[in-house]
Amino acid sequence: MENPEERKLSSTTETSNFTAALKEFEKLVELTAIQKKEERLGLYVKNEDTIDYEKFYDSVLELFGPEIKSQDVKSFYRKLSNNPDASVDWCEIFGYFLSEEDALASQLDEENLVFLISRKQRFPLSGGRKRDVVKCLVKIPQLNFLIIATQKGSITVFNSKMRVQANINVTDTSWITGCDYLPQLKRIVAVTERTIIIWDYKAQGSSQDSCFVIKPVDHCLLCVCVVPMTDRLGRDDILMGDDGGFVNKFTLSSDDFGLRQSKHKRKAQSQILDSKNFKSVKRKLHNDWVMKINYIQPLHSFGSCSLDSTHSFVLDSLKRLGDNTPVREFSMPRGANTFVYCIRANVIVTGGDDKILRLWHPNISTKPVGKLVGHMFSITELVTNEKDQHVISLSSAKVFRVWDIQTLSLLQVFHDSQGGPGDMQIYAMIFDQNHGVLITGSSVIDMYPLTRMIQDTKQIPHSHDRDINVMVYNRTFHQLLTICSESIIKVWELETGHQIYQIFDPHGSNVEVTTAAIDKSGFVLATGAYTGTVKLWDFGSGQEMKMLFEGKDWKEDDHCLSQIAFVTTDKKNHYLLLALEFNGKIKLVQGKEEDPILAVVWELPEIMPILIQGKHVIHLAVTSNPKTMNLTIPEVELTPEDRKPVVLNISPGISMEVTCFDVLIKEGYNLIATATVNGIIVLWNFEMSIATQLHIPEDAFNLNLDLDPTRLKINAILFLFRSKEYARKMSQDSVSSSAQSGGLQSSKGKLLKDVLPFTKHSAISLTTLYTDIYARVLLAGNMEGHVILWTIGSFLDPPHEEKKFKQQIAWRGHALKIVNVIYVEDKQVVLTCSVDGSIRVWHARNGHYCGYFGQRRKFELNQVSDFILPCDVTERPVEVREESKYTEKKQKYEYPLIFDRNKWRKMSSFSLLFRRPTPKPFDVNQEFKFFKTLSSPKIRRTVLERSQTGNKEAGVIFGALHIYRVPSPTSLRFLPLIGADAHKESSENFQGKKKGGRVQHTQGRRRSLRRSLAPGVNLISAFFPAIQK
C-alpha cells in the first residue's frame, strides 16, 4: 500500500506532466491558428508540417491520452478553423464549459448552427384567455394546417401564413390534454380530463353547433392520437391514454355524428353523446400515467410511454388491446415522458426524468442501442428531422439540444431565454418537415427556422465580391476554380462547397485575369490576363510554373485574352495553348520542359478578306518551319494565290473579329472551329489543310445603323463529338454555336438543327454552352440568367432527326447574365456562375436549388432537396414533357350540323312537298328541305379581323377579350313550314285539285308557296307535338 509521501510525489509528477502537456497544447493551437490565418490570405503553401485535422487529433491524443472524445476535438478544431482569432480555453478540449453560454460559444458561428435562433418568430395566442398555455400542436401536411389546443379549452386552426382559419372555445370545466385530426371524418378530436370533443372546423354558423361531446369516461384522459387507416372510409380509430395506465381504442363513424344528413335537414347542433354507444376496447398496460401515445405506421404498431419504471414503454400491434397476450415492453429508470420514431434510422428515441436519451431498436427491448447524455433537467419532448437525421430534445428548463442520430453527436444547444421567470414551461413541440421549422408552444407560439432554409431563401448567394469572369471544373480532383474581376482565384471543393485556397493578384497588381483553362490531366492550370500575359500553375499547390511575358510594343486593348484552351500533346511536360485575343487573333503558345518561359509559336492567318470575295473553301499550306512542323497543330499559311492584295467593297464599320473558338483533336480529327462578330463560322481542318466556311448570315457584310451591330455575334461555339469509347458506333462530329439571337446551330457542312430555347420569355441572347464528355447533354445560359438543358444523345447518330434534339427543362438561375454553366455527370448537378458574384448548384433533373459555393453548410448533392428558390429568383422551372404514345391520338369531336345556304339554293323546295304522302310529325328530318340542307361546319381558314378591344369596365378577364367582326348569322328566310301546318297545307292542295280543277289548284298552289316561304318558321310542332287532352 502506498504511503502518503509516495502518493504526494505521484500527484506532483502528474501535475507537472499535465502542465507540460498544456504548454505543448498551447503551442499546437498557436501554430494551427497561424496556419489558418495564412490560408485565408492565400499565403500558405502546404508541406509536410501542415496541420490538418488528423494530425491535430493525433497530437491531442498524444498529449492528453485516449480519454479525449473525438467529437470534442472536432468541435474545438472547427472553432479554431472558422475563427482563428477567437479566444479558446484548454478545458473546451475536454468538453467542459464554464456556463451554458460558453457551450453555445463553443459551437460554430451562427450560420453553422442547425437552427438560426436570431430569426425566431413569435406569435401570441388567439382567444384572449389569461394565463393560458398551448397544450398540444398538430401539423396536417396534406392541408398545410396547424392545429393548436390550449389548456383552457381554445382550439384554433392556422394556415401556412399563421392566420386563423377557425376557432372554438370549448365550454367545459375540464382542461384540454391533447388533440389530433381525423382524416376520414375531416374533423378535429380533442380530449379533456373527462370528455372527448369532436369539432367540425369547416361548419358554418356558430362553432358550438358543430361540436359533439362524448362522455362519460372511466379515467382522466391525458393524451390522444389517430390511427391513420386509408381503407376505411367514413370511420376513424383513436387511441387514448389515461391516468390509470389504460390504453383505450375508440371507433368513430360518420353515422354517429349525422354527417350523412340531407342538405334540407337542419345543421347538427351541439349535443352530448353517450360513450357506451361507441365501439371501444381498452387494456391496462402501465402502472402509472400514460404520458404519450402514438401510432407508428411504418411498424404497424402503437407506442405508449408511462412514468412506470417497469412498463415504461410499450410497442405492439393494435390486436393486443383486445386480448391478454404479453406485449413488447421496454424498461428504464423513472419511466419515460416522451418518445419518437425515426423512420430512416429505424430507431425509437425515449426520454424521461432520468435526463438520458435512449435509442432502441424496435425489435430489441432488452438493451438500448445508444445513449445521449447532456441534459441537466427532465426531458419533456422529442421530435425528429427526418431529412437531416436529427433529434431535437427539450428539457423542462426550456433547453433545446440537437443531436445527430447517425453519429450520436451534439450539434447545437440553445435556450428559450426570452420568457420571464413566471412564464409557463413548454408543453408541446413539433417539427414541420415541409418548411424546416421547429414549432413550440407555451404561453406563446415560437418558430425556429433551420439555418439552411434562411440561407437558401433569405440570404443573397455570395461567392465573390466582384463579377465572375471565369469558371472551370477539374474532373480529376472534383474541384471548381473561379476568377472574379478583382483578380482573385478561388478553388472550391465540389462535395462540400468549401474553399480550399485562393490566390490574390496572380498576374500582378491591378491586372485583371480574363480567362483560364485546365489541362486534361488536371494538374496544370493556365490563366490569361487583360495585358495578354499567360501563366501556367500547379493546380494542386497553386505555385507558378511558367509565364508568357508582355511584349514591349503591345497595347492592352489589342492583346487582351478572351479565351484560352489546352491542346493535347504526346510529349511529357510539354504544353500547347491556343489563345484568342480581343483583336480576333488566335495564337499558339508553347511551353517546353527545358524552357523557363512560354513563347508564341504561330498565329492563324487572316482569311476574312477571302471569304468576302465569295470563296467558301480556302486551301492552306503547311510552313517549312522545323520548329512547328511536328506540333499537334502545325503552322499553316495562305497559298500564294490567296495572298494577293484585295480591295474590299464593304463598310469599314462592319466588325469581323473572332469572338470564340473550340478545338477537336481526337481519333484522326484535327479541327478548330471559329466564330466572328458578324456570325460567320469557319472550320479549320489541319489534316486536310483547308478552311471551310460553314455558315454566313445574309446580311453579314451589310451595315444597318438602325440595328444592333452585335445582333449576329456568336458568343460561344462547341464541338459535339462522341468518341468510339463512349458510343456503340461512330457518330458524326458537329458544331454547336450560340448566337446573339438566342438560337443553337449544329452543323457539319450544312445546318442540321436550328433551335430556339423554350422559356417563359421571348428569345434572349445565349452567352455560354457546355456538354458532358459523352455528348449526351447540352447546356446553355443566357443574358437574363436562364439555364436551358437539352438531351442530344441520339441526335448525334445519323440520321439527325429533329425529334431527338429535345429540351428537357429550363429554369431561372440568376437575376443577371450567366457567365458559364458546367454539368457534372457523376453528381447529376449543374454549376452556374454569373456577374452577380455567386456560384450556384442545381439538380440537373428538376432544376432544384442546392446552394452556393461559400455557404457555411455542406451541400446535399446526393439527396433530393426540397423545392426552394434563391431570394433573387421567383420563377419556377419549366419542364418540357414529351407526349405519351397513348395520348398522341387526339380525340375527334363531332360538331353540330349547321345550315348551308349554297345547298339550300340548289335544292327545289317544291319537289320535296310532293315526294311522298303526308309525312308523320317525327319523319320531317328526312323529308323537308331545311333538314336536307344541314351539313357539317367548314373550318375557317382565314384569320378573323379584329375591330376593337374589349371594354375594360367589364373586368379583368372579359375586358381583355378581343371583339371580332364575323359575318351575320344565316337568316331563316325562305324556310318551309314544318309540322301540322305544313300537313294541313299539303292536304288542302290535293283536295283543291280534285274539286276545283286546274284554276283552283293553281291558286291554292301559289297561296301554299307564299305561306311556305314566309319568314316565320315554326319548328316546335315538329319536335314537340301537341298533347291531346
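Here the sequence shown stands for residues 2 to 1030, numbered as in the numbering used here. No residue lacks a Cβ here, since even glycine has one placed at the ideal position from N, Cα and C. Small disclaimer: the values here were computed from a predicted structure and weren't measured.
Exercise for review: Classify residue 336 as buried or exposed, calling it buried when 16 or more other Cβ atoms lie within 10 Å of its own Cβ.
Suggested key: buried
Check your understanding: Mind checking whether residue 779 and residue 835 have CB atoms under 8 Å apart?
Key -> no
Review point. Helix, strand or coil: which one does DSSP assign to residue 563?
Key: Reduced to three states, the DSSP call for residue 563 is strand.
Check your understanding: Considering only C-alpha positions, which residue in the set 389, 882 and 188 is nearest to residue 438?
Key -> 389
Review point. Where does residue 615 land, buried or exposed, given buried means 16+ other C-beta within 10 angstroms?
Key: exposed
Check your understanding: Starting from residue 250 and walking both ways along the beta strand (DSSP E), at which residues does that stretch end?
Key -> Where residue 250 is concerned, the enclosing beta strand (DSSP E) stretches over 247–254.
Check your understanding: Going by the CB atoms, is the gap between residue 772 and residue 706 shorter than 8 Å?
Key -> No, they are not a contact pair.
Point to revise | Residues near residue 245 in its chain [Cβ-Cβ closer than 6 Å; skip 5 each side] | key: 220
Practice item. Quickly, what does DSSP pair residue 391 with across the bridge? List them, please. Key: 386 and 405
**Study point:** Cα-Cα separation, residue 882 to residue 636
**Key:** Looking at the two C-alpha atoms, the distance is approximately 49 Å.
Practice item. Could you have a look at residue 653 and say whether DSSP puts it in helix, strand or coil? Key: coil
Review point. Taking residue 634 as the reference, which of 676, 567 and 694 has the closest Cα?
Key: 567
Practice item. In the DSSP assignment, find the unbroken beta strand (DSSP E) run with residue 292 in it and report its ends. Key: 291–297
Review point. So what does residue 787 bridge to, in DSSP terms?
Key: Looking at the DSSP assignment, residue 787 forms a beta bridge with 813.
Exercise for review: Could you tell me which residues DSSP pairs with residue 477 in its beta bridges?
Suggested key: As DSSP reads the structure, residue 477 sits in no beta bridge.
Exercise for review: Using the Cα positions of residue 18 and residue 27, report the straight-line distance between them to the nearest angstrom.
Suggested key: 14 Å
Point to revise | Start and end residues, beta strand (DSSP E) containing residue 628 | key: Unbroken run through residue 628 is the alpha helix (DSSP H), 627–630; no beta strand (DSSP E).
Exercise for review: Just grab the DSSP bridge partners of residue 619 for me.
Suggested key: 692
Point to revise | Assumed close pair residue 784, residue 760 - CB separation to whole angstroms, cut-off 8 Å | key: No, residue 784 and residue 760 are not in contact; Cβ-Cβ is about 12 Å, not under 8 Å.
Check your understanding: Quick one, which of 624, 628 and 547 has its alpha-carbon nearest residue 599's?
Key -> 547
Point to revise | Cut-off 6 Å between Cβ atoms - residues of its own chain near residue 1, not counting five sequence neighbours on either side | key: No answer is possible for residue 1: it lies beyond the span of the chain, which begins at 2 and ends at 1030.
**Study point:** Residue interval of the alpha helix (DSSP H) (run including residue 448)
**Key:** Premise fails: residue 448 lies in the beta strand (DSSP E), 445–450, not in any alpha helix (DSSP H).
Exercise for review: Could you tell me the distance, in whole angstroms, from the CA atom of residue 394 to the CA atom of residue 21?
Suggested key: 40 Å
Check your understanding: From what residue to what residue does the alpha helix (DSSP H) around residue 64 run?
Key -> 54–65
**Study point:** Cβ-based neighbour list, residue 795, same chain, cut-off 7 Å, excluding 5 preceding and 5 following
**Key:** Residues 805 of the same chain have their beta carbon placed closer than 7 Å to that of residue 795, with the five preceding and five following residues left out of the count.
Check your understanding: From residue 809 to residue 879, what does the alpha carbon distance come to, in whole angstroms?
Key -> Answer to the nearest angstrom: the Cα atoms are 9 Å apart.
Check your understanding: If you check the beta carbons only, do residue 754 and residue 696 fall under 8 Å apart?
Key -> no
Exercise for review: Below 8 Å on the Cβ atoms is my guess for residue 482 versus residue 469; work out the distance and round it to an integer in Å.
Suggested key: About 11 Å separates the two Cβ atoms, so there is no contact after all.
Review point. In this structure, does DSSP put residue 610 in helix, strand or coil?
Key: helix
Exercise for review: Please confirm whether residue 151 and residue 135 have their CB atoms less than 8 Å apart.
Suggested key: yes
**Study point:** Cutoff 6 Å; reference residue 813; Cβ partners in own chain excluding five residues on either side
**Key:** 786, 787, 874 and 876
Practice item. Return the first residue and the last residue of the beta strand (DSSP E) that residue 186 is part of. Key: Segment: none, residue 186 is in no beta strand (DSSP E) and carries neither H nor E.
Point to revise | Sequence-distant residues of its chain with Cβ nearer than 6 Å to residue 88 (five each side left out) | key: Within the same chain, residue 88 has no close Cβ partners at all.
Practice item. Would you mind reading off the limits of the beta strand (DSSP E) that contains residue 416? Key: 410–416
Exercise for review: Spatial neighbours of residue 862 within its chain, please: CB distance less than 6 Å, with the 5 preceding and 5 following residues excluded, ordered by chain position.
Suggested key: Apart from sequence neighbours up to five positions away, the residues of its chain that approach residue 862 with a beta-carbon distance below 6 Å are 828 and 830, ordered along the chain.
Check your understanding: Touching or not, the stretch 162–180 and the stretch 470–478, by the rule of three or more beta carbon pairs under 8 Å?
Key -> no
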